[in-house]
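Enquirer:
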DNA sequence: CTTTTTTTGTATCATTCATTACAAAAACCT
DNA sequence: AGGTTTTTGTAATGAATGATACAAAAAAAG
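Chains as they are written, first to last, in our numbering: chain A, 8 to 216; chain B, 8 to 216.
(1) Identify the contact partners of residue 7(B) in chain A, using a Cβ-Cβ distance below 8 Å as the criterion.
(2) How big is the Cα-Cα spacing for residue 112(B) and residue 83(B)?
(3) Excluding the 5 residues flanking residue 76(A) on each side, which residues of the same chain have their C-beta closer than 6 Å to its C-beta?
(4) Going by Cα to Cα distance, which pick from 177(B), 149(B), 80(B) and 194(B) is closest to residue 205(A)?
(5) Taking only beta carbons into account, state which residues of the region 167-180 of chain A come closer than 8 Å to chain B, listed in chain order.
(6) Using Cβ-Cβ distances below 9 Å, what residues of the region 55-87 of chain A are close to chain B?
(7) Identify each residue in the region 182-203 of chain B for which the Cβ-Cβ distance to at least one residue of chain A is less than 9 Å, and report them in chain order.
(8) Pick from 120(A), 23(A) and 22(A): whose alpha carbon is nearest that of residue 145(A)?
(9) Rounded to a whole number of angstroms, what is the C-alpha to C-alpha distance between residue 34(B) and residue 139(A)?
(10) Under a Cβ-count criterion, where at least 16 other Cβ atoms within 10 Å of its own Cβ denotes burial, should residue 200(B) be classed as buried or exposed?
(11) Find the nearest neighbour of residue 153(A) within the set 174(A), 39(A) and 135(A), judged by alpha-carbon distance.
(12) In whole angstroms, what is the alpha-carbon distance linking residue 207(B) and residue 189(B)?
(13) Using the Cα positions of residue 115(B) and residue 108(B), report the straight-line distance between them to the nearest angstrom.
(14) For the region 115-126 of chain A, which residues have a beta carbon sitting closer than 7 Å to at least one beta carbon of chain B?
(15) So, is residue 179(B) buried or exposed, given that buried needs 16 or more other C-beta atoms within 10 angstroms?
(16) For chain A, check one thing: does any of its Cβ atoms lie closer than 9 Å to the Cβ of residue 38(B)?
(17) Of the residues 102(B), 39(B) and 57(B), which one's Cα is nearest the Cα of residue 21(B)?
(18) Less than 9 Å between the C-beta atoms of residue 37(B) and residue 123(B), yes or no?
(19) Taking beta-carbon pairs under 7 Å, can you tell me which members of the region 136-167 of chain A lie near chain B?
(20) Assess contact between the region 45-55 of chain B and the region 16-30 of chain B, defined as three or more Cβ pairs (one per stretch) separated by less than 8 Å. Is contact present?
(21) With a 10 Å radius around its C-beta and 16 neighbouring C-beta atoms as the bar for buried, classify residue 125(B) as buried or exposed.
(22) Please return the same chain residues whose Cβ sits closer than 6 Å to the Cβ of residue 18(A), not counting the five positions on each side in sequence.
(23) Show which residues of chain B have a CB atom less than 9 Å away from the CB atom of residue 106(A).
(24) CA-CA distance, residue 105(A) and residue 16(A)?
(25) If contacts are defined as beta-carbon pairs under 8 Å, then residue 98(B) and residue 183(B) qualify, I think. What distance do you get, rounded to the angstrom?
(26) What does the Cβ neighbour count give for residue 39(A), buried or exposed, with the cut at 16 atoms within 10 Å?
(27) Which same chain residues, not among the five before or five after residue 71(B), have their C-beta less than 7 Å away from its C-beta?
(28) Determine the direct distance from the alpha carbon of residue 196(B) to that of residue 170(A), and round the result to whole angstroms.
(29) Comparing alpha-carbon positions, which option in 41(B), 51(B) and 42(B) lies nearest residue 24(B)?
(30) Can a CB atom of chain A be found closer than 9 Å to the CB of residue 128(B)?
(31) Just to check my reading of the structure: residue 69(A) and residue 134(A) have Cβ atoms closer than 8 Å, yes? What is that Cβ distance to the nearest angstrom?
(32) Go ahead and label residue 194(A) buried or exposed: buried means 16 or more other beta carbons lie within 10 angstroms of its beta carbon, across all protein chains shown.
(33) Determine, using beta carbons only, whether residue 149(B) and residue 172(B) come nearer to each other than 9 Å.
(34) With 9 Å as the threshold, decide whether the Cβ of residue 47(B) is near any Cβ in chain A.
(35) Just how far apart, CA to CA, sit residue 214(B) and residue 162(B)?
(36) Please go through the same chain and pick out, in chain order, the residues whose beta-carbon is closer than 6 Å to the beta-carbon of residue 156(A), but skip the five residues on each side of it.
Take a look at the structure:
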């Protein structure tokens, strides 16, 4: 991208990598638990560099949230969009959520947004807004998959895709909450079938209403 | 209970009230964000009294979790058990969750367990275990209501009450997550009907499987 | 009334916190 | 090479943190 040679001593760190390292610390320790020492150690930079790059701790945090929320490569969502069959898609989505929240490479459990940012939402200015945007963005991305399926005729035309999208995402919060508490992926997986049925059930019960 | 006169200067605080005041601080600020100053101010005691009573900050925290998790009077659960009709019960349960997580008297948003304890689960020794117990206890309490309904014949005998209980509780985490992010109770309420249908749908779709 | 016991209140402790001053280092520019 | 610019690394800042020491206070016991 912007690898154009600039005057002055070159930076020793990659901005994206630094933010992702910071996410790992925030995610495991929470905003207040993530001390500058933990952050700089994990990011491999020293505090003056951090301050020059991100302003302050809160600035880094907001950028971490933004980076995390706008990561189009989020595995569960990609899986939801990848699988051809809608039932498979929802199933694989939930499986990916469980993988993600129980065995993330960073070692963190749960979800950065649900298990860290939510706690800090009222305490770090700007965090709540970013969190709301992330939630609504994910709702919309899930709904888009359902809408696609309606266009294909695989889901009935009156399938309430917005409602069911929120429902699926809400269910996900329950899974990552359990994962954060230390419940095993094996135990979590037992609920997948039920959840898939609940999310897609309105396709079958619609006629009954 | 133990109001038996004891020798020595009497305590100036009520233990239960102090713990509940502490919960309010932890809930809004998180474990690390809840400083001793904030805690002692809210509890109306000074730090030596706090340390004498609870050992240290972590001790107070664990007691707060225990107190919160074993509160049988939890409004949403009481409502779930109170309503005669099962559909009404689930509807009122979710409504109570929304009230609770958007307008709690303490001013805190979300849920103490989902929006505070979950973040600290890996960082405060003992918290994760208490959290798991709280989750499984709530699962069981919800399931009991479904089982009661099966015994009454209102729900079919093959209604998967354990699975649907976990589903309902997971859905709840999604609601309190949204509440913590600042989404209004009005907006949250729009999803209730869909959620109720999803939780009880297997009663109607069972025949189709 | 004195002693004993327990809690309170104040004042303080060493640590850790987020943040910054400043000089050496490493690049490009002329 | 000499000058300019930007980042690094070290070291230090004041403020806030969790936790205590200790004396005064308030009750029952003797």
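For every residue, glycine included, the Cβ atom is placed at its ideal position computed from N, Cα and C. Here the structure is a predicted model, which means the values were calculated and not measured.
Expert: Based on what the coordinates show:
(1) The shown model of chain B, from 8 to 216, leaves out residue 7(B), and the question about it has no answer.
(2) In the second chain, residue 112(B) corresponds to position 105, counting from 1. In the second chain, residue 83(B) corresponds to position 76, counting from 1. When rounded, the distance between both Cα atoms is 15 Å.
(3) Here residue 76(A) refers to the residue found at position 69 when the first chain is read from its first residue. Around residue 76(A): 141.
(4) Taking the first residue of the first chain as 1, we reach residue 205(A) at position 198. It is 177(B).
(5) 167, 170, 171, 173, 174, 176, 177, 178, 179 and 180
(6) none
(7) 182, 183, 184, 185, 187, 188, 189, 190, 197, 198, 200, 201 and 202
(8) In the first chain, residue 145(A) corresponds to position 138, counting from 1. Comparing Cα-Cα distances from residue 145(A) to each of 120(A), 23(A) and 22(A), the minimum goes to 120(A).
(9) As a first step, residue 34(B) must be located in the second chain, where it is residue number 27. As a first step, residue 139(A) must be located in the first chain, where it is residue number 132. So the alpha carbons of these two residues sit roughly 19 Å apart.
(10) Sequence index remark: in the second chain, residue 200(B) carries index 193 (1-based). So residue 200(B) counts as exposed.
(11) Within the first chain, the letter at position 146 stands for residue 153(A). Residue 153(A) has its Cα closest to that of 174(A), out of 174(A), 39(A) and 135(A).
(12) What you label residue 207(B) is simply residue 200 of the second chain in a count that begins at 1. What you label residue 189(B) is simply residue 182 of the second chain in a count that begins at 1. Approximately 28 Å between the Cα atoms of the pair.
(13) Here the question's residue 115(B) lines up with position 108 in the second chain. Here the question's residue 108(B) lines up with position 101 in the second chain. About 8 Å.
(14) 116, 117, 121, 122, 123, 125 and 126
(15) The residue labelled residue 179(B) in the question sits at position 172 within the second chain. Classification for residue 179(B): buried.
(16) Along the second chain, read from residue 1 onward, the residue named residue 38(B) stands at position 31. Yes, its Cβ sits closer than 9 Å to a Cβ of chain A.
(17) By 1-based counting over the second chain, the position of residue 21(B) is 14. Among 102(B), 39(B) and 57(B), the Cα nearest to that of residue 21(B) belongs to 57(B).
(18) Locating residue 37(B) in the second chain gives position 30, where the first residue counts as 1. Locating residue 123(B) in the second chain gives position 116, where the first residue counts as 1. Contact: yes.
(19) 138, 139, 142 and 167
(20) yes
(21) As a working mapping, residue 125(B) is identified with position 118 in the second chain. Classification of residue 125(B): buried, given that the 10 Å Cβ count is 16 or more.
(22) Counting from 1 along the first chain, the entry for residue 18(A) is found at position 11. Within the same chain, residue 18(A) has no close Cβ partners at all.
(23) By 1-based counting over the first chain, the position of residue 106(A) is 99. Within chain B, no residue comes near residue 106(A); the closest Cβ sits about 17 Å away, beyond 9 Å.
(24) Taking the first residue of the first chain as 1, we reach residue 105(A) at position 98. Taking the first residue of the first chain as 1, we reach residue 16(A) at position 9. Each residue's Cα considered, the two are about 44 Å apart.
(25) As a first step, residue 98(B) is located in the second chain; it is residue number 91 there, counting from the start. As a first step, residue 183(B) is located in the second chain; it is residue number 176 there, counting from the start. So it is not a contact: roughly 17 Å between Cβ atoms.
(26) Locating residue 39(A) in the first chain gives position 32, counting from the first residue. Classification of residue 39(A): buried, given that the 10 Å Cβ count is 16 or more.
(27) Taking the first residue of the second chain as position 1, residue 71(B) is located at position 64. Counting only Cβ-Cβ distances below 7 Å, and skipping sequence neighbours, we find 26, 29, 30 and 33.
(28) Stepping through the first chain from its first residue, residue 170(A) is reached at position 163. Stepping through the second chain from its first residue, residue 196(B) is reached at position 189. Residue 170(A) and residue 196(B): Cα-Cα distance of roughly 11 Å.
(29) Here residue 24(B) is taken as the residue at index 17 of the second chain, counted from 1. The shortest C-alpha separation from residue 24(B) is found at 51(B).
(30) Sequence index remark: in the second chain, residue 128(B) carries index 121 (1-based). Chain A, which has a Cβ nearer than 9 Å to the Cβ of residue 128(B), makes this yes.
(31) For the purposes of this step, residue 69(A) is taken as the residue at position 62 of the first chain. For the purposes of this step, residue 134(A) is taken as the residue at position 127 of the first chain. Between residue 134(A) and residue 69(A) the Cβ distance is about 7 Å, and since that is below 8 Å, they are a contact.
(32) Here residue 194(A) refers to the residue found at position 187 when the first chain is read from its first residue. That one is exposed.
(33) Here residue 149(B) refers to the residue found at position 142 of the second chain. Here residue 172(B) refers to the residue found at position 165 of the second chain. Cβ atoms of residue 149(B) and residue 172(B): closer than 9 Å.
(34) Within the second chain, residue 47(B) is the residue found at index 40, counting from 1. Answer no: the Cβ-Cβ gap between residue 47(B) and chain A never drops below 9 Å.
(35) As a working note, residue 214(B) is residue 207 in the second chain. As a working note, residue 162(B) is residue 155 in the second chain. Unreliable positioning characterises residue 214(B) in this predicted model, as indicated by a pLDDT of 42, which lies under 50. The coordinate reading is nonetheless provided below. Taking the straight line from one Cα to the other gives about 13 Å.
(36) Numbered from 1 along the first chain, position 149 holds the residue referred to as residue 156(A). If we look at residue 156(A) and ignore the five residues flanking it on each side, its Cβ neighbours are 93 and 162.
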